[in-house]
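Input: a single structure, listed below in structure tokens.
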Amino acid sequence: MSIAPISFEHHQSAHCENGVISNLFRYNGLPISEPMAFGLGSGLFFTHLPFLKVNGIPGTSYRIWPGLIFKRVSKSLGIEMYSESFRNQQKAKDALDSALDKGIPVGLVTSVFYLPYLPAVFRFHFNAHNIVVYGRECDNYLVSDPVMGAVTTIHKDDLMRARYAKGVPEPNGKMYYPTHIPQNIDFKKAIIKGISKTASDMTEIPLPIFGTKAIRYLAKKLKNYPADLGDRKATLYLGNLIRMQEEIGTGGAGFRFIYAAFLQEAGKLINQEWLIEQSVALTKTGDLWRDFAFKAGRICKNRSTDGTSYKELSEILIECSYQEDKIFGELHKQIKKI
Amino acid sequence: MKKNEVPQDGNNLVKGESNWMNYAVDQNGEYVQEISIGWEPENIALEQAWEVVNEKINEAQKKVLAGQLSPIAFYMEVNIMDIPLLANYMDKYQWQVRRHLQPDIFKQLSEETLDKYAYVFKISRTELMNVPTNKNTK
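Residue numbers (this note's numbering), protein chains in the order written: chain A, 1 to 338; chain B, 1001 to 1138.
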């Protein structure tokens, strides 16, 4: 059976979770940009977990855990969400179909590995990719994947595999959509809350593996990569850092530019010139992160054991961490005054 | 990053399929969106990741063709899985999957189990039983 498709406005975004938030909220009458979704959801972060290895490589993330941006934005804006996971695959399919038949576009958590419409070279087992399904036609679903330039379709069997991928985390067929969006939203309050949270996440968690401290922690480890790990493994670790920082879904420079775009938009919206100044500062730090990725890429390419290049990379990271200390410290101080 | 600095480094690997959104500042300092078709360090890191995958596939293929491992070892690598992940997909314990990697045990597997492996690997049972002999790269 097929139903009349919902007219769903697709906007391409840098990162899937922000993109789904932005597209779903816009559909429901609340137009917010991707950077705004990212900022209000306090998405920016840094964490380095040497003991949590994926394929033998330590985990590094430039953002908070998947799903949390969504939770924080909805809570902050007073938006009520329906969200459910399913043990049973048939029930998951029925719930999706019944929502679509009611004309509701639905957010889904999927695995990149099982989405055939994505370019093959990008398809690794990443299980926290958010997409919107907004209709169905025969055996296909209509998909708005925010990282793609245009809408696409997916066969029902492929979608089922993607929704029931195994590993960490397991999507378990999770689906969600907003059920109530309040009329008068106090953006100023939400912006203050979002910035406070990020500033505190980045500078106040008393553990060396979170926030700007973690950047220095990584810098310290990275300096010794060639000596500790040997040539080959050192470049693999570096390559992974680049991928976490630059691959689809990061908007480049590990989300720093998206956050800078948010600070600029927020500064204009609530008339706070200093936010725009911090946006400029963060853009500069983003450029430094890019410099890091560029040099790291060259090392990977040359497969050099050159200890001095690792030392140089480590120094760039330390500079990034101090710049971010300053920016988020300033945000923390100033945001309390408004 | 300025708008005109948004990298446009395509390469053979992504074959023109990559068009990702970036945020950059225009000449007035305003953040705008700009599409990027790829960036050198990212391309290098991706190539490196696939190199590792392909090495593992080739290694497994050799061992399967030499009769040291069962075809499951090969298709596991083709699907970028390891034993814990494959066991999870198969609803089996890791030690069970590890046993199935032995050619002698593999020959004794039930049709049902073989079909399940074939389903997980998205191939037919015939393909599962016959590992290609030519060099296999993804």
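Glycine residues also receive a C-beta, built at the ideal position from the N, C-alpha and C atoms.
Other residues of its chain near K156 (chain A): CB distance less than 6 angstroms, five sequence neighbours each side excluded: D139
Please state whether DSSP places H129 (chain A) in a helix, a strand or coil. strand
Return the residues of the region 1077-1099 of chain B that lie within a Cβ-Cβ distance of less than 7 angstroms from chain A, sorted by chain order. I1080, L1085, N1088, Y1089
Rounded to whole angstroms, how far is the Cβ of V106 (chain A) from the Cβ of Y27 (chain A), which I believe are closer than 8 angstroms? Incorrect: roughly 11 angstroms between the Cβ atoms, too far for contact.
Would you decide whether P171 (chain A) is buried or exposed? Buried here means 16 or more other CB atoms lie within 10 Å of its CB. It is buried - the Cβ of P171 (chain A) has at least 16 other Cβ atoms within 10 Å.
Closest by CA to Q272 (chain A), which one among A:K295, A:Q334, A:E80, A:H125? A:Q334
Among B:Q1108, B:Q1102, B:V1097, nearest to V1120 (chain B) - alpha-carbon criterion: B:V1097
Pick from A:T110, A:I192, A:K326 that is closest to G339 (chain A), judged by C-alpha positions: Nothing about residue 339 (chain A) can be reported from this structure: the residues present for chain A run from 1 to 338 only.
Looking only at its own chain, which residues have a Cβ that is under 7 angstroms from the Cβ of Q89 (chain A), when we skip the five neighbours before and after it? Result list for Q89 (chain A): M160, Y164, G173, in chain order.
Can the beta-carbon of R136 (chain A) be found less than 8 angstroms from the beta-carbon of L108 (chain A)? no
Could you tell me if E34 (chain A) is buried or exposed, where buried requires 16 or more neighbouring beta carbons within 10 angstroms of its beta carbon? Answer is buried; the Cβ neighbour count reaches 16.
Helix, strand or coil at G254 (chain A) [DSSP, three-state]: helix
Please classify V132 (chain A): is it buried, with 16 or more other beta-carbons within 10 angstroms of its beta-carbon, or exposed? Buried.
At least 3 beta-carbon pairs within less than 8 angstroms: the region 212-219 of chain A vs the region 316-327 of chain A: yes
Exposed or buried, what is L115 (chain A) when buried is set at 16 or more other beta-carbons lying within 10 Å of its beta-carbon? Classification of L115 (chain A): buried, given that the 10 Å Cβ count is 16 or more.
Candidates A:T308, A:I316, A:T283, A:L288: closest to V1139 (chain B) by CA position: Limits of chain B in this structure are 1001 at one end and 1138 at the other, which puts residue 1139 (chain B) out of reach.
Quick check: is the beta carbon of I242 (chain A) nearer than 8 angstroms to any beta carbon in chain B? yes
For the region 1004-1019 of chain B, list every residue whose C-beta sits within 7 angstroms of some C-beta in chain A, in sequence order. L1013, V1014, E1017, S1018, N1019
If you follow the alpha helix (DSSP H) that L241 (chain A) is in, where does it begin and where does it stop? 231-246
Neighbour list for G339 (chain A) in chain B, Cβ cutoff strictly below 8 angstroms: Any property of residue 339 (chain A) remains undetermined from this structure, which presents chain A solely from 1 to 338.
Take the Cβ of N23 (chain A) as the centre, count every other Cβ of all protein chains shown within 10 Å, and call the residue buried at 16 or more, exposed below. Using a 10 angstroms sphere on the CB of N23 (chain A), the tally of other CB atoms reaches 16 or more, which defines it as buried.
For L49 (chain A), which residues of its own chain have a beta-carbon under 7 angstroms away from its beta-carbon, when the five flanking residues on both sides are left out? Around L49 (chain A), the same chain offers P58, G59, I209 as residues with beta carbons nearer than 7 angstroms, after the five sequence neighbours per side are excluded.
Does I236 (chain A) have its Cβ less than 8 angstroms from a Cβ in chain B? Sequence check: residue 236 (chain A) is Leu here, not Ile. Chain B, which has a Cβ nearer than 8 angstroms to the Cβ of L236 (chain A), makes this yes.
Please classify W65 (chain A) as buried or exposed, where buried requires at least 16 neighbouring CB atoms within 10 angstroms. exposed
Rounded straight-line distance, which links the Cα of S1110 (chain B) to that of G249 (chain A): Near 42 angstroms, if we compare the C-alpha coordinates of S1110 (chain B) and G249 (chain A).
Going by the CB atoms, is the gap between F257 (chain A) and L44 (chain A) shorter than 8 angstroms? no
Whole-number beta carbon distance between L317 (chain A) and F292 (chain A), since they are thought to touch under 8 angstroms: 6 angstroms
Per DSSP, what kind of secondary structure is I209 (chain A) in: helix, strand or coil? Taken through DSSP and simplified to helix, strand or coil, I209 (chain A) comes out as coil.
With C-beta atoms as the reference, is P169 (chain A) less than 8 angstroms away from Q12 (chain A)? It is not a contact, given that the beta carbons lie outside the stated cut-off.
Among A:V280, A:K197, A:S98, A:T179, which one has its Cα closest to the Cα of L68 (chain A)? A:K197
Under DSSP, the beta strand (DSSP E) around Q278 (chain A) begins and ends at which residues? From DSSP, Q278 (chain A) is part of no beta strand (DSSP E) but of the alpha helix (DSSP H) over 273-302.
Using 8 angstroms for Cβ pairs, my map puts V121 (chain A) next to L1114 (chain B). What's the rounded Cβ distance? No, V121 (chain A) and L1114 (chain B) are not in contact; Cβ-Cβ is about 30 angstroms, not under 8 angstroms.
If we call anything under 8 angstroms between Cβ atoms a contact, is F262 (chain A) one with F38 (chain A)? yes
Hey, Y141 (chain A) and T153 (chain A): beta-carbon distance below 8 angstroms or not? Yes, these two residues count as a Cβ contact at 8 angstroms.
Can you tell me which of the three DSSP states G267 (chain A) falls into? helix
Secondary structure at N1130 (chain B), three-state DSSP: helix, strand or coil? Secondary structure of N1130 (chain B) (DSSP, three-state): coil.
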